[in-house]
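Sequence order for the protein chains is V, S and R.
Letter by letter, the first sequence follows residues 1 to 430 in this note's numbering.
Letter by letter, the second sequence follows residues 431 to 773 in this note's numbering.
Letter by letter, the third sequence follows residues 774 to 1062 in this note's numbering.
Following: one structure in structure tokens, then a few remarks.
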Amino acid sequence: MYTKIFKDGLSRRRFLETAASAAALAGINTRVLAADKVIKIGFLAPLTGPVAAWGKPGLDGCQIWAEQVNAAGGIKLADGDYMVEFVGYDNEYDPAKARTGATKLIREEDVKFVMMLGGDTWPGAQPVADRTGMLFSTLLPSDLAPDTETLLAPAEVHPIYNVTGVEWLAENKPDLKTAVICAQDDALGLPSVATYLAAFEAAGIEMLEEPLLFDPATTDFAPVVTKLIAKDPQIVCLDTCYSDYVHPIAEQLFQQGYKGQIISCTADFYDQMIDKTSVEFMEGFIFQFPDFDDPALNDEAINFKNPNGFFAEYTKRHPGEWGAVSWEYASIMDLWKDGAEKAGTAEPAAVLAAMKDGGRGLHAFGTADWWGEDLFGIDNALVGNWPVVVIENGKARIKAFKSIPEWYAKHGDLLKKHMAAYGQMWNQRG
Amino acid sequence: MPRAVSHIAGWLGLAVLLIALPHALSFSQQEVLVFLTINVLLVASYRLLTLTGEWSLGHVVIMGVGAYASALYSKQLGIYVPVSIILGALTAVLVAMVLSYPLFRMKGFYFLIGSFAAGEIIRLLWKRFRDPFGGPKGIKKINPMPDLDIGVYSFDFFEPVSYYYFALAVVTLSLWVMWRIERSPVGLTFHAVHWQDKLAQSAGVDVRAYRTRAFMIASGFAGLSGALLAHYIGTINPNSFDVELMVFVLTWAIVGGTATFYGPILGCVVLSILNEVVLRELGFEQMRPFIYGLLLICSVLFLPNGLESVVQHIMRRRTNVQAAKASRAGDSARYNVEERTEP
Amino acid sequence: MVELLAQTCLNALYAASYMSLVAVGLVLIFGVMGVINFAHGELFMLGAYAVVALYADLQLPFLFAVSAGLVFVGVVGLGMERALFRPLRNNPLGGLVASIGFLMILQALAVMGFGVRMEHVPPVTQEVITFSEKVHLAMPRLFVIIAAVILLTALWAFLTKTRFGWALRASAQDPEAAALQGISINQTSRIAMFIGAGLAGVAGALTAPLVSVNPHMGHSVIVTAFIVIIVGGVGSLEGAVVAAVAYSLVHTFVTTFYDGVIADIVGLSLMLLVLIVKPTGLFGTADRA
Chain V
1 MYTKIFKDGL SRRRFLETAA SAAALAGINT RVLAADKVIK IGFLAPLTGP
51 VAAWGKPGLD GCQIWAEQVN AAGGIKLADG DYMVEFVGYD NEYDPAKART
101 GATKLIREED VKFVMMLGGD TWPGAQPVAD RTGMLFSTLL PSDLAPDTET
151 LLAPAEVHPI YNVTGVEWLA ENKPDLKTAV ICAQDDALGL PSVATYLAAF
201 EAAGIEMLEE PLLFDPATTD FAPVVTKLIA KDPQIVCLDT CYSDYVHPIA
251 EQLFQQGYKG QIISCTADFY DQMIDKTSVE FMEGFIFQFP DFDDPALNDE
301 AINFKNPNGF FAEYTKRHPG EWGAVSWEYA SIMDLWKDGA EKAGTAEPAA
351 VLAAMKDGGR GLHAFGTADW WGEDLFGIDN ALVGNWPVVV IENGKARIKA
401 FKSIPEWYAK HGDLLKKHMA AYGQMWNQRG
Chain S
431 MPRAVSHIAG WLGLAVLLIA LPHALSFSQQ EVLVFLTINV LLVASYRLLT
481 LTGEWSLGHV VIMGVGAYAS ALYSKQLGIY VPVSIILGAL TAVLVAMVLS
531 YPLFRMKGFY FLIGSFAAGE IIRLLWKRFR DPFGGPKGIK KINPMPDLDI
581 GVYSFDFFEP VSYYYFALAV VTLSLWVMWR IERSPVGLTF HAVHWQDKLA
631 QSAGVDVRAY RTRAFMIASG FAGLSGALLA HYIGTINPNS FDVELMVFVL
681 TWAIVGGTAT FYGPILGCVV LSILNEVVLR ELGFEQMRPF IYGLLLICSV
731 LFLPNGLESV VQHIMRRRTN VQAAKASRAG DSARYNVEER TEP
Chain R
774 MVELLAQTCL NALYAASYMS LVAVGLVLIF GVMGVINFAH GELFMLGAYA
824 VVALYADLQL PFLFAVSAGL VFVGVVGLGM ERALFRPLRN NPLGGLVASI
874 GFLMILQALA VMGFGVRMEH VPPVTQEVIT FSEKVHLAMP RLFVIIAAVI
924 LLTALWAFLT KTRFGWALRA SAQDPEAAAL QGISINQTSR IAMFIGAGLA
974 GVAGALTAPL VSVNPHMGHS VIVTAFIVII VGGVGSLEGA VVAAVAYSLV
1024 HTFVTTFYDG VIADIVGLSL MLLVLIVKPT GLFGTADRA
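Printed below as a string of structure tokens:
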């Protein structure tokens, strides 16, 4: 048992290392030679507090991205090569601190691009973005509105891609006809509920109950699950629950004897879920976020640079921390780098124009369209193919890349109907 | 009248300092300054409530009531922003009045937890009723203060410096009003209610009515600070007013000390600058909660009477030196009497 | 429908068990020392991380990890008593702020040592008792219920049958009178803090395989615990247990038949109602604080 701590435990439980990396974060520019020209990129996300899991792993991923890019010569602009440096600001998921952070990053640190988690914090930073014309990115496209001209949602169009999982499910398991859904009652859960409702309706799957909403502070999921499976559904949909909820819900489903299909937006750390339930129970679990060692990602259509190498490096440095957030910010940086190199400059307006040039962009999972007018009032979300991931024999595998625009062309009205019912259209928000 | 002169000179100096201050700061520090000014009002209003001996955990939610009310009045009803700010504060007074009926059946620890529960219920209502409160995402695009040109200075209220001057004026006026209230017979009764509960009662003071009055006045100023905040950042949501901010207000007040008017303000200013400026500049971005927690513990252990006790100590020494000089000049009697009435 | 009711009762029983442990500890600390321990939720979290370190990482037996969690968190409680609450004995607000500072430190330590992500605790057993097709009780949940019953019975025996227990109850009822009787406040405070913290720690340790273990898990526990001790009456240990059962029943049933957010509102309203009707709580008598 001691071998385990020394091999796994000590490297993972890294009291000293964390302290060292906190210090290194402050002095990250030591790695960039003073003589090099440097472009600074702002990272304005929660790094402490309860929402830190949506920010900090992304910053870790970006550090790896920066090292890889810098080692390969940096960003090649018209007036020479630039090294990349990330400047973090902890906004604690608070709009007022996001505003202060945006001001600091833009007006004092002179960053050329700011990546955010978005959500509650975007409206705080928005006035600063409007005044300075700075280019921002968000992980949550529900921040988009007609007046957010310099805000892009280039990584994931949450929750629209969830339709691909349901579509694949309906095609491959056509005998499953009834479903229930549960979600936390917040900004991430509600639009996702609307999307799943539209996708189920499009696939001819009947909802047995109204969606079951629970408070984000819930810790014991037994009552939620008891209610969820009371009517014997064939499909249980876990919506866009955070992993803090997905795990205990799956465990409760297992313990309360549920044996049907499960579909979810995310399944971060699914190996732990298998450990808590069983390989058989988790077989066929459908979700939307692949491991980046998946061979299907080596396909030529994939634009994420060196996914297997990135995954290996990330899991080496931060064992057991891999999740969707780990790669998404880095994938945004890929897009930004292409835009900047195409424009020959890092100036926000020029990069934005280059990124949106031709209405198409190189999304992580393949070339995609700038889209969103219908739902967000502005075409600033990058939408294309999205992977459907299924757990087979204890390992997540990409089963298909399905096109979101194709689904939307057929069933767009359903989506708009359900989004409107949940007050999620851009003109209903705020 | 050398004393009056030095008094006026002191206040003038402070005024000049506060007006010049933003121009000496960086952009992000100016932003911090705006939020700090608003928080000063919040924590000073909190002290007014604690004068009667009750410690509330719902004060920040009351601040939120002012913020939500003012935001909704200006956004939904199209009310002119400065007016809606005042209406927001009045709404907070009204809500406090309603809450006071159940809450002032309790005292001490029960009041503390009761006020917390009442606040959480209000917060859950904001979350639950998407119309008109916007649900968990809250309200966005709140009307800003309309720009204003007064000839000598043109206010663009997006700019932190302009909003700082506006907030500074409102907060100064509010602090002056609170100071007058505390010095009035009503305020002195607040003190009596705290220290001599039973005695005040037997002297015919309706203790509960005075507690309610203090609660309503404090809530009004808290609501005002919330409205100021809402029209500056332009977005509010239920989590902006959660127990975490309440904990900060509580610690500002206690670390600063609540025996004097300036104690909580001092606590708020010192702790906020440490947390938002010093620790970030030192590169402890992710270590801040740890260091902040350590600072809290050290301050209550080693400064049990708050930061104000340090100031009092310095002032007393200065006064003693002056008094010694004054007595040598043979003019001590009147002087000492005046000085001793200071708390 | 009967099955649904039965399953809901089992769910409530489990929730009541761990919540009783947490709430009784909080009451004990408040009763004896008069300090509101805001860090109580973080002591719960610490117990859970003890299981992460000992059981999940070092692969020691679960029962050992839970016992070690109890002792470890109890010792942390002793440390808090000595370093924070004793110097601040005449300053209850100072004690409150110190416990807030301490909770920030504990959270930050958990983040530094284990990361912001939730931790994985492998299941102790996957056995499930099946009463009928739709009524199940997983063994790990049964463990929590049994452990809570044993620990609370032991505590009751300790408080009523031993000299320390008498002293503890005496100073919980009236610290000054107890001091006059020659009962050492330092000693009763130590015992109360060790037991109170240990109970929170053991609750966290027992439930670690069943909940999401993360540095901020203490927050929702402390809120519920406050509600429970208010409803039960702040000075009353029996009240805390009864209120934990009552609150869990109401919350679980409302969650199952309406939804979780409504359940929270109902829980808080219930507490306000109790406070309005009987401001000292259901079992509270003395007017403290």
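Cβ atoms here follow ideal geometry from the backbone N, Cα and C, with glycine treated the same way.
Just so we're clear, the structure is a prediction, and the values are computed from it rather than from any experiment.
DSSP places residue 164(V) in the uninterrupted alpha helix (DSSP H) bounded by 162-172. Put simply, the region 67-81 of chain V does not touch the region 133-149 of chain V. Fewer than three CB pairs are less than 8 Å apart. Interface flag for residue 244(V) against chain R is set, since a Cβ pair is found closer than 7 Å. Looking at the DSSP output, residue 385(V) shares a beta bridge with 403(V). With a cutoff of 7 Å on beta-carbon distance, residue 449(S) and residue 659(S) are scored as not near each other. Contact note: residue 544(S) reaches chain R through 1003, 1044, 1045, 1048, 1049, 1052, using a C-beta cutoff of 9 Å and chain order.
One finds 48, 49 in chain V with Cβ atoms closer than 9 Å to the Cβ of residue 719(S), taken in chain order.
Checking the DSSP bridge columns, you'll see residue 459(S) has no partner listed. The C-alpha of residue 966(R) is placed about 14 Å away from the C-alpha of residue 957(R). Secondary structure note for residue 272(V): its alpha helix (DSSP H) is the uninterrupted segment 270-276. When the alpha-carbon of residue 214(V) is set against those of 517(S), 458(S), 558(S), the nearest one is in 558(S). In its chain, beyond the 5 residues on either side, 815, 988, 989 have a beta carbon closer than 7 Å to the beta carbon of residue 880(R). Residues of chain S with a Cβ closer than 7 Å to the Cβ of residue 100(V) are, in chain order, 458, 461, 462. Not a single C-beta of chain S is nearer than 7 Å to the C-beta of residue 990(R). Within the region 687-714 of chain S, complete beta strand (DSSP E) segments of at least 3 residues are not found at all. Residue 364(V) sits away from residue 351(V), with the two beta carbons spaced by 7 Å or more. Around the CB of residue 970(R), 16 or more other CB atoms lie within 10 Å, so the residue is classed as buried. For residue 371(V), no alpha helix (DSSP H) encloses it; the enclosing beta strand (DSSP E) starts and ends at 366-371. Contacts with chain V at 7 Å (Cβ-Cβ) include residue 993(R).
Counting only runs of 4+ residues, the alpha helix (DSSP H) found wholly inside the region 897-977 of chain R occupies 912-934, 936-946, 948-953, in chain order. Taking a cut-off of 8 Å on C-beta distances, the region 879-893 of chain R does not touch the region 851-863 of chain R, as fewer than three cross pairs fall below it. Spanning the alpha carbons of residue 180(V) and residue 470(S) requires a straight line of approximately 49 Å. Burial state of residue 298(V) is exposed, judged by a 10 Å Cβ sphere holding fewer than 16 other Cβ atoms. Judged by DSSP in its simplified three-state form, residue 570(S) adopts coil rather than helix or strand. Taking each of 620(S), 545(S), 639(S) in turn and checking the Cα distance to residue 1044(R), the smallest one comes out for 545(S). Proximity of the region 42-51 of chain V to the region 80-88 of chain V meets the contact definition, three or more beta-carbon pairs being nearer than 8 Å. In the DSSP assignment, residue 1013(R) falls within the alpha helix (DSSP H) that extends over 1010-1030. With the criterion set as a beta carbon lying under 8 Å from some beta carbon of chain R, the members of the region 675-708 of chain S are 677, 680, 681, 684, 685, in sequence order. When the Cα atoms are used, residue 906(R) and residue 775(R) turn out to be separated by approximately 12 Å.
For the pair residue 668(S) and residue 556(S), the CB atoms are nearer than the 7 Å cut-off. Here residue 178(V) carries a strand assignment [DSSP, helix/strand/coil].
If you draw a straight line from the Cα of residue 196(V) to the Cα of residue 302(V), it is about 26 Å long. In terms of Cβ geometry, residue 877(R) and residue 734(S) do not form a close pair [threshold 7 Å]. With 16 or more other CB atoms across the displayed protein chains lying within 10 angstroms of its CB, residue 424(V) is buried. No Cβ of chain S is located within less than 7 Å of the beta carbon of residue 195(V).
In the structure shown, the three-state DSSP call for residue 479(S) is helix.
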